[in-house]
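When you line the sequence shown up against my numbering, it's residues 188 to 408, in that order.
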Amino acid sequence: MNVYEAVDSRRAVRAFSDEPVPTEVLERVLAAATRAPSSGNLQPWHVYVVTGEPLAELKRRATARAVEGDPGDEREYPMYPAELTSPYLDRFSAAAAQRYEALGIERDDPGRPTKIAALNSEAFGAPVVLFCYLDRNMGPGQWGDAGMYLQTVMLLLRAEGLHSCPQVMWTMYRKTVSRTVGADGGLVLCCGVAVGFEKEGVPQLRTERADMKETVSFIGA
188 MNVYEAVDSR
198 RAVRAFSDEP
208 VPTEVLERVL
218 AAATRAPSSG
228 NLQPWHVYVV
238 TGEPLAELKR
248 RATARAVEGD
258 PGDEREYPMY
268 PAELTSPYLD
278 RFSAAAAQRY
288 EALGIERDDP
298 GRPTKIAALN
308 SEAFGAPVVL
318 FCYLDRNMGP
328 GQWGDAGMYL
338 QTVMLLLRAE
348 GLHSCPQVMW
358 TMYRKTVSRT
368 VGADGGLVLC
378 CGVAVGFEKE
388 GVPQLRTERA
398 DMKETVSFIG
408 A
């Protein structure tokens with residue numbers, strides 16, 4: 188798989204099989220991802236790879252919180268701006284509608300928030316979740332580095348025939364995650380990334396993207 192194929196086939200998969208992911212594959216991906224861009228070579232990411240019984244227990248604890256209607260831990264950073272305007276709100280709404288349809292959850296279902304939270308807390312059945320943390324002293328530039336690092340990881344996973352789904356949702360249960368991975372108070376949870384093989388026979392969601400001309404301007408070309 189070349190880079191273009193990896194980029195084109197990467198998408199947020201929300202239905203994983205229970206097929207285990209070999210540890211050597213994860214090690215190969217994460218070792219290669221250390222070459223991701225990093226301003227000043229700070230390499231600010233701290234990653235915990237959780238699988239097996241520790242992940243199963245984490246899922247049980249998080250799911251219990253979700254189904255009980257627990258609003259989650261106080262956020263340490265906003266997931267989205269307080270007020271989204273067009274075209275960002277339009278893109279967000281369209282993608283959300285596609286996600287709910289693919290998950291089989293009606294838009295007007297009163298239990299929708301709980302159902303979505305429960306699916307997320309199960310990591311959509313993924314057998315592996317990577318939790319990415321940053322030191323609290325890091326700024327916006329290092330958070331950008333973390334994003335480039337995680338994209339590098341997700342593209343390398345595609346090269347291995349694996350899929351992924353980045354989940355900022357885990358920040359809602361950051362205290363539960365912290366107890367599992369042992370992250371100290373000096374670290375902030377950026378997100379989790381569910382990893383595994385895609386489950387067969389389920390609807391595949393591929394959200395639309397804005398045309399390049401909407402987001403790119405060529406100057407002097």
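Glycine included, every Cβ here is placed at the ideal spot set by N, Cα and C. Remember, predicted model here, so these are calculated numbers, not experimental data.
What do you get for residue i, buried or exposed, if any count of 16 or more other CB atoms within 10 angstroms of its CB means buried?
{"i": "S280", "result": "exposed"}
{"i": "F311", "result": "buried"}
{"i": "D399", "result": "Note on residue identity: the sequence assigns Met, not Asp, to residue 399. Classification for M399: exposed."}
{"i": "A284", "result": "exposed"}
{"i": "P258", "result": "exposed"}
{"i": "T210", "result": "exposed"}
{"i": "V403", "result": "exposed"}
{"i": "T221", "result": "exposed"}
{"i": "L213", "result": "buried"}
{"i": "S273", "result": "exposed"}
{"i": "A313", "result": "buried"}
{"i": "A223", "result": "buried"}
Using alpha carbons as the reference points, say which of the options lies closest to residue i.
{"i": "L392", "options": "S225, V200, R222, Y320", "result": "V200"}
{"i": "A193", "options": "E347, N228, K246", "result": "E347"}
{"i": "N228", "options": "D371, L376, M335", "result": "M335"}
{"i": "T358", "options": "W232, K302, C319", "result": "C319"}
{"i": "P241", "options": "S404, V380, T367, V389", "result": "T367"}
{"i": "V208", "options": "S196, V236, R198", "result": "V236"}
{"i": "R262", "options": "P327, G407, I406, V375", "result": "V375"}
{"i": "E395", "options": "D277, G256, A269", "result": "D277"}
{"i": "D260", "options": "S365, Y287, E401", "result": "S365"}
{"i": "Y275", "options": "A408, F405, G407, E401", "result": "E401"}
{"i": "E288", "options": "A397, A408, I406, P390", "result": "P390"}
{"i": "S351", "options": "W330, D371, R286, V382", "result": "V382"}
{"i": "A282", "options": "A397, G256, P327", "result": "A397"}
I think residue i touches residue j, with their Cβ atoms under 8 Å apart; what is that distance to the nearest whole Å?
{"i": "V315", "j": "T238", "result": "5 Å"}
{"i": "C377", "j": "L321", "result": "6 Å"}
{"i": "K386", "j": "A202", "result": "4 Å"}
{"i": "D332", "j": "S204", "result": "At roughly 32 Å, the Cβ-Cβ gap does not stay under 8 Å, so D332 and S204 are not in contact."}
{"i": "L344", "j": "V216", "result": "6 Å"}
{"i": "P265", "j": "M325", "result": "Incorrect: roughly 17 Å between the Cβ atoms, too far for contact."}
{"i": "E206", "j": "F384", "result": "5 Å"}
Please return the same chain residues whose Cβ sits closer than 8 Å to the Cβ of residue i, not counting the five positions on each side in sequence.
{"i": "A305", "result": "T250, A253, V254"}
{"i": "S308", "result": "K246, A249, T250, R252, A253, M356, Y360"}
{"i": "V234", "result": "L217, L317, F318, C319, Y320"}
Excluding the five sequence neighbours on either side, which residues of its own chain have a C-beta within less than 7 Å of the C-beta of residue i, listed in chain order?
{"i": "G373", "result": "D322, R323"}
{"i": "L337", "result": "C319, P353, V380"}
{"i": "L271", "result": "F279"}
{"i": "R197", "result": "M341, L342, R345"}
Less than 6 Å between C-beta atoms, sequence neighbours within five positions excluded: which residues of the same chain meet that for residue i?
{"i": "T363", "result": "R248, A249"}
{"i": "P268", "result": "none"}
Can you check whether the C-beta of residue i is within less than 8 Å of a C-beta belonging to chain B?
{"i": "D257", "result": "Considering every chain present, this structure includes no chain B. It has just one protein chain."}
Could you give the uninterrupted runs of the alpha helix (DSSP H) lying entirely in the segment 195-232, keeping only those of 4 residues or more?
210-219
May I have a chain-ordered list of the alpha helix (DSSP H) segments no shorter than 4 residues that lie completely inside the segment 296-328?
299-308
As an exercise, report each continuous beta strand (DSSP E) stretch of at least 3 residues that is fully enclosed by the segment 325-356, in chain order.
350-354
Extract the residue ranges of the alpha helix (DSSP H) inside the segment 354-384, only unbroken runs of 4 or more that lie entirely within it.
361-368
Ignoring anything shorter than 3 residues or poking outside the segment 231-262, list the beta strand (DSSP E) runs there in chain order.
232-238
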